[in-house]
Structure formats: C-alpha cells, structure tokens
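S.K.: I have a structure here, written as structure tokens, and I will follow up with some questions on it.
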Amino acid sequence: MDVSQLKYMLEKIRGYGYKKIGFILDRGYFSKANIQFMDSCDYDFVMMVKGRASFVHGLIMEHMGEFESKRACYIKDYRTYGMTVKAKLYADDETDRYFHVYYKAKKQASERARLEADLTSMNPIGHKSRPQLLCRLSQP
1287 MDVSQLKYML EKIRGYGYKK IGFILDRGYF SKANIQFMDS CDYDFVMMVK
1337 GRASFVHGLI MEHMGEFESK RACYIKDYRT YGMTVKAKLY ADDETDRYFH
1387 VYYKAKKQAS ERARLEADLT SMNPIGHKSR PQLLCRLSQP
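Sequential numbering from 1287 applies to the sequence shown in the working numbering.
Now the structure itself:
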C-alpha cells in the first residue's frame, strides 16, 4: 500500500475526531514512507514485517541461538519461543523500534520435512545414492 492510501485513511480517522489511538497493520503497509508518515502523525502502531526483508533477516541472524530453546523465552499460550529486540528500522531512523522475534519449532520441523520430501522426489535414483553420486561428480 502506498503512502497516499495510508494518508487518506488517517485523514478520515482524524476527521472522525480520533486522536490518541494505535494501529495494527498488516505487511502490505510496510514501507519507509508509511512508517515515517505514521511517526509524523504521532500514532503508535504494530506492524507485521516480511521475514525475508534484508533487515529482518539480519536481525534474526544477529540473535540466532539466543532464544529458540531457552525456557525463559517460551510463550506458553502460543507454544512458541520469542524475544523482543530494540533496534533502528533503517539507517537514518530517528526512533528506536521494538521487534518481536519468534521461533516455532513445530513450524521449522514441518518445513524441514517438506524440504527433505522435495529433495527426495527430485532424485530418481533414491535418497541413499545421492552422497555417492555427489562424490563421483567431485572427483577429478
């Protein structure tokens, strides 16, 4: 969603007289321009971000191993692990943001099983012969 659509929505909200409110936004609103506009309006917000965005990936990699299996980071109601990280969203960001990073072991296991099934189905000879085939290909 571009910033003009967000501006239109926020102007409507102001027109209704709402002032001190917060928003829960989906990932379609994620852009530097939209975030800067929300900041300029002094609105609080929570926004889902795409896990493959480069800064998100970097944040995850920076904190990998710090929370995924630590009991203190377990969120019982959601059966997942998580932690909150304070960081800047972009290089010239003037605001410290709070990122909530989650890890769900069950999701990771199902994604890994799907990957293994896909890899196995790609090998017509069978999974056990793959290492031998790779060794043959790597010999001089």
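We treat Cβ as the ideally placed atom computed from N, Cα and C, and that holds for glycine.
(1) Is the distance from the Cβ of Lys-1372 to the Cβ of Phe-1385 below 9 angstroms?
(2) With the cut-off set at 9 angstroms, would you say Asp-1325 and Phe-1309 are in Cβ contact?
(3) Would you call the CB atoms of Lys-1390 and Tyr-1367 closer than 9 angstroms?
(4) Under 8 angstroms by Cβ, that's how I've got Glu-1352 and Met-1369 pegged, so tell me the actual separation to the nearest angstrom.
(5) Does the Cβ of Gly-1303 have 16 or more other Cβ atoms within 10 Å, making it buried, or fewer, making it exposed?
(6) Here's a check: name, in chain order, each residue in its chain whose Cβ is nearer than 8 angstroms to the Cβ of Arg-1422, leaving out the five neighbours to either side.
(7) Can you check whether the CB of Val-1289 is closer than 9 angstroms to the CB of Asn-1320?
(8) Could you compute how far the alpha carbon of Gly-1344 sits from the alpha carbon of Gln-1322?
M.R.: To lay it out plainly:
(1) yes
(2) Not in contact: Asp-1325 and Phe-1309 (Cβ atoms no closer than 9 angstroms).
(3) yes
(4) 7 angstroms
(5) exposed
(6) Low per-residue confidence applies at Arg-1422: pLDDT is 45, beneath 50, and the placement is therefore not dependable, though the value from the model is reported in the following sentence. None.
(7) yes
(8) Here the alpha carbon of Gly-1344 sits roughly 21 angstroms from the alpha carbon of Gln-1322.
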